[in-house]
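Here the structure is laid out as structure tokens; the discussion comes afterwards.
Protein chains in written order, with the numbering used here: chain A, 1 to 1007; chain B, 1008 to 1206.
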């Protein structure tokens, strides 16, 4: 049984205990524990179930590479699925539950899959779930959806908050082991701005644990003391920032790195942001990311109690926890002997060390023998015995086929298949790897690193991450890398000797990809490669036989490496099996592509602050709060929020809109028009410029007057419309649609900067400088006269003119323009007075029955007048001629944007659909998006169409439905009855009419 | 903006007290730094090439400082001018002085190709003050604050909107478009909450 040892545990504080629950069971651990260590201390070996076969799972590792010990952490608004118990810091009150089983972790019905494993090998879903086809929707798909995933998806809003931070440095060091600490110190002392990131709480990596066992020293002191000294020295350097709990997640172009800081994962609800995403721009990056141990592939290597050798000594030394009294070690290298020494020093039993190599005579094997530990070379594990946990091993010859030589009873098996440098961050942005035969690992190829803007290496690797696995090589390698980084930064290092390391020498490892090397199929079908997705040696061999020769295909066919651990323990073992199956060398097979993030990053951290009220930059006019208090129902116009209508009491929106339309046409309405674009265009060439941008002539517009204009793009299609006002000799003010303001300003600047760069024209986007209030209706003039100030009479300010003055004491510019067809004044004034002016209008307008009206009333009134709307009557394929607006196109101009485009044959085609009004015979409202059908069907069997509706409303003024639409040869078909099919019911019949439904002469706006 | 004005003989609504309202009415938040919406600030956007005759004198007359070069903001007794682009400057002064300053600028640059417009009301201004002001903005703006010296103005973005920032007094001043003042105040509040210090 797994248990807490009476003594030991470098990282725990035995005087401070924490209570936590797992599957509702109350347990206790210590401050400093990880959840995994605390569960082991409580003999909670069973931690989860694997994905496909639902096999019982316990820890294999002690860190972020853990594939098995995944829990649902927390509850409700703090629930996080798939959290690794090995990286979850224990805190008081922690709640965790296991995943992927029913009804319980101990008794899981899904384990039946394991019995059916012969029918569920890799790729089985490509061969099953095919027939009968009818079963897909109601049987296969629900089954697959039900069994997909591991943890529980949260169904409440995340209660925590997150943020980002940008950071800049000359050198980013990722990894706070001895190599990373050394590099950060050298670079910091050379004057570089350095940021050092360490994913764990504590620094020092493997060295601090291993030197406890093997007595190695750095500059004459223990690794622990050397790390403390180095951290103190770093703390004194103002140009060095040291961050723990921060994982380097991804490397991108030009030195951009994302890192995830787990600020308050271990203190939930303390008011701090839970996580912070670092967005770092580094001059150069140094990856000192260490190495990860590889499992060995022997039958039963997935049973709870079988784990990586270094992980076991980490549990013993860091947390004072062991998986059992008796541990058999199985290895192909010297490093695993450290675990044997650690166990024996802790008073535990190591019945045997099974070394697959023919000989083991290095310092560490000899030290083990000296402690009386039995060492057997040339030996392997044929099979692990046990069901939910290890009970023993069957021993065989590594060179053989698995004939059992002896049985050894034990509670745990610590395995080591060698070490793989962590090359992910080096590879993310194009760094290439090279295979090192004598360590059987891929390491960064110094000749082909990812490169930055000047062709130099963007990422340098150091230490174990660079293949310098041994303590004796590691620091020298770090110095070589940081010297290069400092040199590339054109700085100078301070003279300092590489620290001297005394440590045991290690003999060569021997690659062992299958144990024993001649194992038959029934043993190979139980040799696990990917613990989470249940991929075995036999599956990869099957993939090779079925023709999946590329490692990328094998990965996807078998799902090897596709689980949440991203193949950290399975990739190399898997591709070695593939290489062997194909008769290739391992480097020829290669690795799959490494992609960010290195370990999962929660979506909250990626979103940062962008949620709730600050999810998007909503734009509000100066009168927004007034609209809100008045009960306005808002609609989005781009990122603006504009009132759609102002329902009173229990009014429906339809009733509100109808009231607003009628009140405006018969009395006095007020519209917040502040969102409309206002662009000043000035200069000696401004007139010439606007003549190119508009279809009409703007250069001839007299000072004080207004002219409606259309803008097309180069292809001839209508892009925007608005009223232009001539302000003075060299100055025009162009109104644009609300959604078009920024776009048209950019369009103007684009042409001025890139094409007509020698024309003297300046633009200024003053959209937000002015609030704009439309005062509309027969009583509009009366309101303004009551406010008092400038002369707004018909004589002084007729239709399509503007004037500056004051109204009610406010400094205003008044435009006589109308989108409603009523008597209308649009009043512009500085935004800082917008709200006060609006309130003054409401107060003064009370006697005239003033009511605010929203965008829907605005749209209906313009449609009643047959005015087009950009975005309704236009869709990027419509030209002014289609909308009966050839009158807005100057025949005198030799050129304007879109002129040549419109001369192309299909835009000059008389068969094009043109704008008409549509009046239903029964007065109903045609649905949005309806098509006008024609006789017959097209070659696809679809009904022929000859038109479509562009705008459709119920008109309160006319008390019937009105619509505008585009119809083939529309203007020649006045009076014709056409048909528009609807989803439910008989097709609607409508008469083709003139697009102007109300006040055809236009008398009301002119008054 | 006053041009021809004809007083109406009819009863006029009493002239309003012309106090300019800022976008958020002076919103404040105190976390590990203080965030305050500044009072109305006068701003004029001036488009002109740097070699326009009389430009240096016109700017001197308007705000009392020299012509800034790329990335600079030059301040003098509550007024300033900032370089915004190769042909754009931002002049800063008390809100009440804008009308007069604008008229004077236009007069001084008459006949030279230029454009001067009042943009005081188009913006919202925030002051982030305290020793850790840099930390708050480093969460929102991709700017290397360690390299942002005095007399430097950076045009950048704050989360999803455009912003200009510079050092002012004991903190940083941020200018954004008026319509997104609520969003920016939300960003600053979120980033300045106590407990969210980076260091």
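Idealized CB from N, CA, C, for every residue including glycine.
Inter-residue CB distance, residue i and residue j (contact presumed, cutoff 8 Å)
| i | j | result |
| --- | --- | --- |
| residue 399 of chain A | residue 517 of chain A | 6 Å |
| residue 557 of chain A | residue 123 of chain A | 5 Å |
Cutoff 9 Å: residue i Cβ touching any chain A Cβ
| i | result |
| --- | --- |
| residue 1025 of chain B | yes |
| residue 1186 of chain B | yes |
| residue 1156 of chain B | no |
| residue 1193 of chain B | yes |
| residue 1174 of chain B | no |
| residue 953 of chain B | Outside the displayed range of chain B (1008 to 1206) lies residue 953 of chain B, so it cannot be described from this structure. |
| residue 1197 of chain B | yes |
| residue 1054 of chain B | yes |
| residue 1130 of chain B | yes |
| residue 1060 of chain B | no |
| residue 1086 of chain B | no |
| residue 1040 of chain B | no |
Classification of residue i by the beta-carbon crowding that lies within 10 angstroms, buried from 16 upward
| i | result |
| --- | --- |
| residue 381 of chain A | buried |
| residue 47 of chain A | buried |
| residue 974 of chain A | exposed |
| residue 982 of chain A | exposed |
| residue 1013 of chain B | Because residue 1013 of chain B carries a pLDDT of 40, less than 50, the predicted location of this residue cannot be relied on, and the following value inherits that uncertainty. Residue 1013 of chain B comes out exposed. |
| residue 729 of chain A | exposed |
| residue 573 of chain A | buried |
| residue 496 of chain A | exposed |
| residue 371 of chain A | exposed |
| residue 740 of chain A | buried |
| residue 1031 of chain A | The displayed coordinates of chain A run from 1 to 1007. Any statement about residue 1031 of chain A would go beyond what the structure contains. |
| residue 254 of chain A | exposed |
| residue 15 of chain A | exposed |
| residue 12 of chain A | buried |
Within-9 Å CB hit, residue i to chain B
| i | result |
| --- | --- |
| residue 616 of chain A | yes |
| residue 745 of chain A | no |
| residue 809 of chain A | yes |
| residue 751 of chain A | no |
| residue 599 of chain A | no |
| residue 801 of chain A | no |
| residue 832 of chain A | yes |
| residue 682 of chain A | yes |
| residue 164 of chain A | yes |
| residue 836 of chain A | yes |
| residue 608 of chain A | yes |
| residue 273 of chain A | yes |
| residue 489 of chain A | no |
For residue i: DSSP bridge partner residues
| i | result |
| --- | --- |
| residue 756 of chain A | DSSP lists no partner for residue 756 of chain A. |
| residue 85 of chain A | The partner list for residue 85 of chain A (beta bridge, DSSP) is empty, contrary to what the question assumes. |
| residue 722 of chain A | A:709 |
| residue 769 of chain A | DSSP lists no partner for residue 769 of chain A. |
| residue 247 of chain A | A:260 |
| residue 396 of chain A | A:380 |
| residue 484 of chain A | DSSP, once it has assigned bridges, lists no residue as partnering residue 484 of chain A. |
Using a Cβ distance threshold of 8 Å, determine whether the stretch 85-104 of chain A contacts the stretch 57-75 of chain A, with at least three qualifying pairs required.
yes
Determine contact between the stretch 666-683 of chain A and the stretch 737-745 of chain A, defined as no fewer than three beta-carbon pairs at a distance below 8 Å.
yes
Does the stretch 591-609 of chain A come into contact with the stretch 240-252 of chain A, if we say contact requires no fewer than three beta-carbon pairs (one atom in each stretch) closer than 8 Å?
yes
Report yes or no: do the stretch 767-775 of chain A and the stretch 813-832 of chain A share at least 3 C-beta pairs separated by less than 8 Å?
yes
Given 8 Å as the limit, is there contact between the stretch 175-186 of chain A and the stretch 463-474 of chain A, that is, 3 or more CB pairs closer than that?
Touching, per the Cβ criterion.
Does the stretch 581-592 of chain A come close enough to the stretch 544-557 of chain A to have 3 or more Cβ pairs within less than 8 Å?
yes
Taking 8 Å as the threshold, find out whether the stretch 268-287 of chain A comes into contact with the stretch 149-161 of chain A through three or more Cβ pairs.
With three or more CB-CB distances shorter than 8 Å, the stretch 268-287 of chain A counts as touching the stretch 149-161 of chain A.
State whether the stretch 325-336 of chain A contacts the stretch 499-511 of chain A, with contact taken as three or more CB pairs (one from each stretch) at a distance under 8 Å.
yes
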